[in-house]
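First comes the structure, then the notes that go with it.
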Amino acid sequence: MPEPRLSLALPSKGALADPTTEFLKACDLKVSKSNPRQYVAHISALPQLDVLFQRVTDIVYKVADGTLDMGITGLDVVYELAGESEAITVLHEDLRYGECQLVLAVPEAWIDVESMTDLADVALDFREGRRRNLRVATKFTNLARRFLHQHGIFHFTLVEAEGAIEAAPTLGYADVVIDLSATGTTLRENHLKPLVDGVLLESTACLIANTRRLRESPLLLETARTLLEVFDATLSAQNYYQVTVNIRGDDAESVAHAVAANPITRGLQGPTVAPIYASHLSERWFSATIIVHKKHLLAAVAHLRSIGGTQATVIPSRYVFLPQSPSYQRLLEKLGKAGAQPL
317 MPEPRLSLAL
327 PSKGALADPT
337 TEFLKACDLK
347 VSKSNPRQYV
357 AHISALPQLD
367 VLFQRVTDIV
377 YKVADGTLDM
387 GITGLDVVYE
397 LAGESEAITV
407 LHEDLRYGEC
417 QLVLAVPEAW
427 IDVESMTDLA
437 DVALDFREGR
447 RRNLRVATKF
457 TNLARRFLHQ
467 HGIFHFTLVE
477 AEGAIEAAPT
487 LGYADVVIDL
497 SATGTTLREN
507 HLKPLVDGVL
517 LESTACLIAN
527 TRRLRESPLL
537 LETARTLLEV
547 FDATLSAQNY
557 YQVTVNIRGD
567 DAESVAHAVA
577 ANPITRGLQG
587 PTVAPIYASH
597 LSERWFSATI
607 IVHKKHLLAA
617 VAHLRSIGGT
627 QATVIPSRYV
637 FLPQSPSYQR
647 LLEKLGKAGA
657 QPL
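For the numbering used here, add 316 to where a residue sits in the sequence shown, where the first one is 1.
Spelled out as structure tokens, the structure:
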């Protein structure tokens, strides 16, 4: 009887394509395919997984209907196409790449329009004065409709657009736009400005799975756990550095107390202190190692120097595995399996 197979879909093109394979490579989950033009690949560390390359929108549709088990796509596409559907479970909503905002932007010439309240007044003026609705160009029609309704704007017409949506007001077929923006440069180049409270969604790459399959397949749940463990550890490691320093002292305990006197240099848990053996040294020296948050790095080095530390070396952390994967624990809660042990 053949071994059960699982499927993972990755973006085949667009802004998320290359960053996704690079992210997986950083997690030691290199995606391999014999031919660059092929749409099928594998990950040697996960032999039960068939990797397929699909468009970001198709990934959402196919995971939702169960054709695919899991996929990496944009959170914006998931919210737009799946909405509140329970067919899809977001396993990890922020893989820290592909960052962008879905924003509502108006022409810069509208100098008195800065907020959604101002835009609501404009929509009313259009309705009463010009006898027409406010025209909104977007390809995120579901998210746009909900957002406008939430801000009391009901007299509008959604203009579905592809391509250069930012040009719609200039070309005259829309008044405002709702579109993705990473840096705001394209908006500015088209003489548009985002409203101060006009952010619909903060979007990044995310990992999704078919909910029914998660409940029915122990293999899928275990594979999801493996991915989430590695993803969480990789992302956590981006925040930490390993610092090793040589310190003169009477004994390991006194050196450890001196290092830990500053809360910053206690690190995740530590420090670790070991004697340095060298026949040419007339004094006792110790090597102290700590794991510190990147925002505390310079302060940690300053403290280590102040207690006699020298020759400090700093190494980026590759993985930081916490006692449990936070993302996997959240998944178990969603599935009503909180407290369950890994398979």
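Beta carbons: idealized from backbone N, C-alpha and C, even for Gly.
Since this is a predicted model, take the numbers as computed values, not measurements.
For the pair aspartate 392 and serine 348, the Cα-to-Cα distance works out to about 27 Å.
Taken in chain order, the complete beta strand (DSSP E) segments of 3 or more residues contained in the segment 323–384 are 356–359 and 365–370.
Contact between tyrosine 413 and threonine 520 holds, with the beta-carbon distance rounding to 7 Å and staying under 8 Å. Per DSSP, reduced to three states, the secondary structure at proline 485 is helical. Residue environment for threonine 336: buried (at least 16 other C-beta atoms within 10 angstroms of its C-beta).
Under the three-state reduction of DSSP, glycine 445 is assigned to helix. Per the Cβ contact rule, the segment 608–615 is not in contact with the segment 514–533 (fewer than 3 Cβ pairs under 8 Å). For tyrosine 395, the uninterrupted alpha helix (DSSP H) segment begins and ends at 391–397. DSSP places leucine 648 within a helical segment (H, G or I) once states are collapsed to three. DSSP places arginine 529 in the uninterrupted alpha helix (DSSP H) bounded by 527–532. In this chain, serine 641 is not harboured by any beta strand (DSSP E), its DSSP state being neither H nor E. Between serine 643 and lysine 650, the alpha-carbon positions lie close to 11 Å from each other. If you ignore the 5 residues before and after leucine 340, its C-beta comes within less than 6 Å of the C-beta of Val347, all in its own chain and listed in chain order. Exclusion of the five residues before and after serine 552 leaves Val636 and Leu638 as the residues of its chain whose Cβ lies within less than 7 Å of its Cβ. Of Glu599, Tyr593, Thr560 and Pro363, the smallest CA-CA separation from valine 617 is found for Thr560. For valine 475, the CB contacts under 8 Å within the same chain, skipping 5 residues up- and downstream, are Arg451, Val452, Ala453, Thr454, Ala484, Tyr489 and Ala490 in chain order. Following the DSSP letters along the chain, one finds valine 512 inside the beta strand (DSSP E) bounded by residues 508–519. Cβ-Cβ separation between leucine 324 and valine 372: approximately 14 Å, too far for a contact (criterion under 8 Å). Cβ neighbours of alanine 576 within its own chain (closer than 7 Å, five residues either side excluded): Arg582 and Pro587. For histidine 467, no beta strand (DSSP E) encloses it, and the DSSP letter there is neither H nor E. It is roughly 21 Å from the alpha-carbon of threonine 539 to the alpha-carbon of valine 394.
Going by DSSP, leucine 496 is part of the beta strand (DSSP E) stretching over 492–497. Residue range 472–476 is occupied by the beta strand (DSSP E) that includes glutamate 476.
In summary, tyrosine 556 is buried, with 16 or more beta-carbon neighbours lying within 10 Å of its beta-carbon over all protein chains present. In the three-state DSSP reduction, proline 579 falls in the helix class (H, G or I). A straight line joining the alpha-carbon of phenylalanine 547 with that of alanine 403 spans about 23 Å.
Look at valine 452 here: in three-state DSSP terms it is strand. With contacts defined by Cβ atoms closer than 7 Å, glutamine 627 and asparagine 562 form a contacting pair. The beta carbons of leucine 322 and glutamine 354 sit about 19 Å from each other, so the pair does not count as a contact at 8 Å. Counting only runs that start and end inside the segment 593–620, the beta strand (DSSP E) elements of at least 3 residues fall at 601–609.
Excluding five sequence positions before and after leucine 517, the CB atoms of its chain that fall closer than 8 Å to its own CB belong to Leu391, Asp392, Tyr395, Gln417, Leu418 and Leu459, given in chain order.
Note that the C-beta distance between alanine 568 and phenylalanine 602 is below 7 Å. Non-local C-beta neighbours of glutamate 400 in its own chain, meaning closer than 8 Å and more than five positions away in sequence, are absent.
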